[in-house]
Every structure is written in structure tokens, then in C-alpha cells.
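Under the numbering used here, the first residue of the sequence shown carries the number 53, and numbering increases by one thereafter. Here a beta-carbon is modelled for each residue, glycine too, at the ideal position from N, C-alpha and C. A quick note: this is a predicted structure, and the numbers were derived from the prediction, not measured. Okay, structure first, notes after.
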Amino acid sequence: FGDDIQVLAKLAKSIETEVRQVKGASDMQHEHLLGLPELSIELKRNVLARFGLNADDVLDVIRVALAGEQVTEVIEGTKRFGLLVRFQQVYRETPERIADIVIDTPKGARVPLDQLATIEVKRGAVAINREDGQRRTAVMANVRGRDLGSFVAEAQSRVAKNVVIPKGYKIVWSGQFENQERAMKRLAIVVPVVLALIFILLFASFNSFRNAGLIMLNVPFAMIGGIVALFLSQQTLSVPAIIGFIALFGVAVQNGVIMVTYIMQLEQRGMLTEDAVIKGAEVRLRPVLMTALVATVGLLPKVLTHGTGAEVQRPLATVVLGGIITATALTLIVLPALYKLLNKNSKPAKAGASSV
């Protein structure tokens with residue numbers, strides 16, 4: 053943002069050069085403010101004064117010669133047409149012919165226009181864009197093969213270090229990363245709230261902090277797989293990926309509930325904890341694998357897609373798929389072992405007794 057179009061165009065070119073060197077930058081372009089040919093006629097006021105001319109008199113002649121002036125109307129029946137008077141094309145098609153336009157002075161002298169003004173063709177403005185009352189230009193880029201947040205941070209660092217911004221000018225970074233930043237701030241609140249609600253519901257179901265916490269261990273089990281899947285597929289941690297983690301938490305906790313609930317039921321029937329853990333892992337193997345298999349089959353097409361919407365579908369599906377694989381394996385192997393470890397000192401419950 054700034055006042056001078058020439059300075060804005062120069063700054064835009066410098067910024068584009070710096071951002072182009074940042075890894076991940078592609079499709080670089082900037083708005084072209086200058087480049088349209090423009091005829092500039094600048095009057096020499098000291099010369100005008102010597103000839104006794106006013107600037108308005110000379111500008112009137114130039115306006116009539118180049119643009120024309122309506123002097124009367126032609127009436128044909130009920131139709132009216134403005135009659136425009138101006139020089140023929142041959143006398144105004146080049147700067148040299150315009151320079152030959154003769155101006156009459158009050159003293160009767162006839163002076164060519166090039167003696168009264170400087171006539172030249174310059175690079176004029178193609179467009180003048182404004183926003184919030186200020187002139188502005190834009191440098192635009194897409195990001196490929198890299199996460200948006202780190203790209204913007206590196207680009208900002210390079211521009212701040214290598215581009216001198218004059219006083220009265222400012223740079224504003226805008227685009228999709230703003231939406232990502234807002235979403236990340238919201239998710240920083242949503243994710244802890246979701247985990248807290250899951251824990252509360254688990255405690256309400258089992259009436260035990262120990263077993264509720266045990267099931268919550270499935271969450272980091274699932275996160276391991278999701279992060280590894282993103283790494284192997286060379287995808288970045290984006291808003292869709294984080295939403296995928298939230299969905300993954302539900303699936304992982306569900307597997308844990310299936311396992312722990314059955315083990316506790318076996319204990320309530322009087323079975324020893326070790327026997328209940330072994331029996332529960334055997335019996336619940338099929339339901340846990342079925343849950344994981346259904347989700348896996350449903351998500352595979354989204355993981356392999358490369359069409360429209362893949363930038364949203366693939367990270368989400370990749371996270372859920374990778375997390376389900378690790379969460380399922382750890383639910384069947386680690387969770388029963390941890391249950392036995394945490395409940396090794398507990399006494400077997402009698403049939404019909406409630407769990408605590």
C-alpha cells in the first residue's frame with residue numbers, strides 16, 4: 053500500500069523476486085500497474101507568459117484537436133445528434149503531428165505547440181487499484197509441496213530482510229493462510245474441549261478414573277499413526293488433517309471401550325483379571341478388526357484421489373487411515389497389557405457386582 057504508483061510497481065517487483073526464491077513458491081505473478089502508452093503534454097508556463105497566453109487557452113485547443121468538442125446539434129425528424137468538431141486523424145495520430153499544432157497568440161503570432169509544451173510518450177498506468185482509501189498492488193503466489201504456515205513465515209523473513217519499505221508504505225500479507233491461522237486458533241480450543249468431553253463421558257460410563265484414563269491412551273496411539281501417515285505421504289499438517297485427528301479420536305476411543313467393557317464384564321462374572329484380559333482380547337479381536345476394516349475400506353478411495361477436492365479429502369483420510377492402523381494394533385496388544393498392569397492388585401469381582 054502507498055501513494056506513488058512508480059514506487060509500488062518497484063516494490064512489487066522486488067518482493068516477487070524475494071518470494072520466488074522461497075521453497076514451495078509457484079505460479080508467481082504481480083499486478084501490472086504501469087506499461088500502457090500515455091501521451092504527456094506538459095506546458096511551459098514561462099514560455100506561455102512571454103507570448104501572453106493562458107494555460108486554459110492552450111489546453112482548450114489541445115482538447116478540441118484531440119478529443120473534440122460538441123458545437124451544435126443536428127436534428128433529423130425527432131432525432132438529435134451532437135456535432136463534434138476535431139482535427140482529422142492524420143493531424144493527431146503521432147506525437148510529431150500533435151507537436152505541429154499551431155496556437156494563435158493575442159499579438160497575432162502563430163506558435164507551434166512544441167514550443168509551448170514538452171510532448172512525449174510515457175509508460176502510463178494500466179490500472180489504479182485502491183483499498184481502504186489507499187493505492188495498492190498485489191504480489192500473488194501458490195504454494196506447492198510445503199505447508200502454508202512455514203512458507204509464509206520464511207517469505208516474510210526474506211522480504212523484511214532484503215526489501216527496504218519507504219516511509220508511508222506498508223505490506224499486508226493476505227490469502228488462505230489467514231483462514232488457516234484463524235482455524236488453528238479455534239482448533240486449539242476445540243481439540244482440548246473434545247478430549248475433555250470424551251474423558252467425562254468415559255468416566256460417566258465406567259465410574260473409574262483409572263479405566264477412563266486407560267481408554268484415553270488410545271488417543272496418542274492413534275496420533276502416532278496419523279503423523280507417520282502424513283510423513284510417509286509427504287503431506288503437511290493442515291486444517292483438514294487436524295479435523296481428521298478429531299474424527300480419529302472417536303474411532304480410537306470406541307475400540308478401547310469395546311475392549312475394556314468386555315474385560316470388566318468378565319471380571320464381574322468372577323473371572324481373574326489375567327484370565328479376563330486374555331479372554332477379552334481373544335473375543336473382541338473380531339469386532340475391533342471389523343471396525344477398523346470398515347473405516348479403512350471407506351477411506352482408501354479418498355486417500356488415493358487426486359481430483360477436485362483432494363487437497364481437503366486426502367489429508368483428512370490419510371490421518372484417519374494411518375491412525376486406525378496403529379490404534380487397532382495397540383488396542384489389541386498394548387491396551388490389554390496395560391489393563392492387567394493397572395488392575396493387577398484388584399480383587400476379582402463377584403457376579404452381579406458393580407465395577408468401580
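Query - For Q73, the three-state DSSP class (helix, strand or coil) - result: coil
Query - Whole-angstrom C-beta distance between V113 and I155, which should lie under 8 Å - result: 6 Å
Report task. Assign N307 to one of two classes, buried (16 or more other C-beta atoms within 10 Å of its C-beta) or exposed (fewer than that). Result -> buried
Query raised in the report: Can you tell which of A77, G296, L387, D166 has its C-alpha closest to the C-alpha of G201?
Result: A77
Query raised in the report: How about the region 363 to 372 and the region 275 to 291: do they share at least three Cβ pairs that are nearer than 8 Å?
Result: yes
Query - E128: first and last residue of the uninterrupted beta strand (DSSP E) it sits in - result: 121 to 128
Query raised in the report: In its own chain, which residues sit with a C-beta less than 7 Å from the C-beta of V191, not counting the 5 before and 5 after it?
Result: Hits under 7 Å: A64, I67, E68, V71, H82.
**Report entry** Whole-Å CB distance - V371 paired with G220, under 8 Å assumed
**Finding:** Approximately 46 Å separates the beta-carbon atoms of V371 and G220; this is outside 8 Å, ruling out the contact.
Query raised in the report: Per DSSP, what kind of secondary structure is P158 in: helix, strand or coil?
Result: Three-state DSSP puts P158 in coil, outside helix and strand.
Requested in this report: Please classify F297: does DSSP put it in a helix, a strand, or coil?
Outcome: Three-state DSSP puts F297 in a helix.
Query raised in the report: So, helix, strand or coil for P400, using DSSP?
Result: Its pLDDT being 48, under 50, P400 is placed unreliably by the model, and nothing is read from it.
Query raised in the report: Based on Cα-Cα distance, which residue from R182, G350, T189, R336 lies nearest to A381?
Result: R336
Query raised in the report: Does any CB atom of chain B fall closer than 8 Å to the CB of T69?
Result: Among the chains of the structure shown, chain B does not appear; only one protein chain is present.
Requested in this report: Put S202 into one of helix, strand or coil per three-state DSSP.
Outcome: helix
Query raised in the report: So V305 packs on N270, CB below 8 Å; how close in whole Å?
Result: Indeed they touch by this definition, with Cβ atoms about 6 Å apart.
Requested in this report: Identify which residue in A161, T325, I150 has its Cα closest to the Cα of V173.
Outcome: Checked all of A161, T325, I150; the closest Cα to V173 is I150.
Query raised in the report: How long is the line joining the alpha carbons of V74 and M311, rounded to whole angstroms?
Result: 49 Å
Query raised in the report: Where do the ends of the beta strand (DSSP E) carrying R175 lie?
Result: 169 to 177
**Report entry** With 16 other Cβ atoms within 10 Å as the buried cut-off, status of F273
**Finding:** buried
Query raised in the report: Which residues bound the beta strand (DSSP E) around L136?
Result: 131 to 137
Query raised in the report: How close, in whole Å, do the beta carbons of I376 and A347 come, if the pair is a contact with beta carbons under 8 Å?
Result: 5 Å
Query raised in the report: Under 8 Å, do R187 and I57 count as touching if we go by C-beta distance?
Result: yes
Query - Separation of G54 from R162, as counted between CA atoms - result: 44 Å
**Report entry** A107, buried or exposed, once every other Cβ within 10 Å from all chains shown has been counted against 16
**Finding:** exposed
**Report entry** Beta-carbon proximity list for A207, same chain, < 6 Å, skipping 5 on both sides
**Finding:** V71, V74
Query raised in the report: Under a three-way DSSP split, which group does A190 fall into?
Result: coil
Report task. For S257, I'd like the list of residues in its chain whose CB is within less than 6 Å of its CB, leaving aside the five on either flank, ordered along the chain. Result -> Here the set comprises nothing.
Query - Beta-bridge partners of V163, as assigned by DSSP - result: I155
Query raised in the report: How far does the beta strand (DSSP E) with G265 in it reach, from first residue to last?
Result: Where G265 is concerned, there is no enclosing beta strand (DSSP E), although the alpha helix (DSSP H) it sits in stretches over 261 to 268.
Query raised in the report: Could you give the distance in angstroms between the alpha-carbon of I385 and the alpha-carbon of V224?
Result: 52 Å
Query - For R321, the first and last residue of its enclosing alpha helix (DSSP H) - result: No alpha helix (DSSP H) holds R321; DSSP gives it neither H nor E.
Report task. Taking only the alpha-carbon atoms, compute the straight-line gap between F139 and E148 and give it to the nearest angstrom. Result -> 14 Å
Requested in this report: Could you give the DSSP three-state label for Q228: helix, strand or coil?
Outcome: helix
Requested in this report: Assign E319 to buried or exposed, taking buried as 16 or more other Cβ atoms, counted over all protein chains shown, within 10 Å of its Cβ.
Outcome: buried
Query - Whole-angstrom distance between V280 and V355, CA atom to CA atom - result: 14 Å
Query raised in the report: Among the residues of its own chain, which have a CB less than 8 Å from the CB of V59, if the five just before and after it don't count?
Result: P218, Y221
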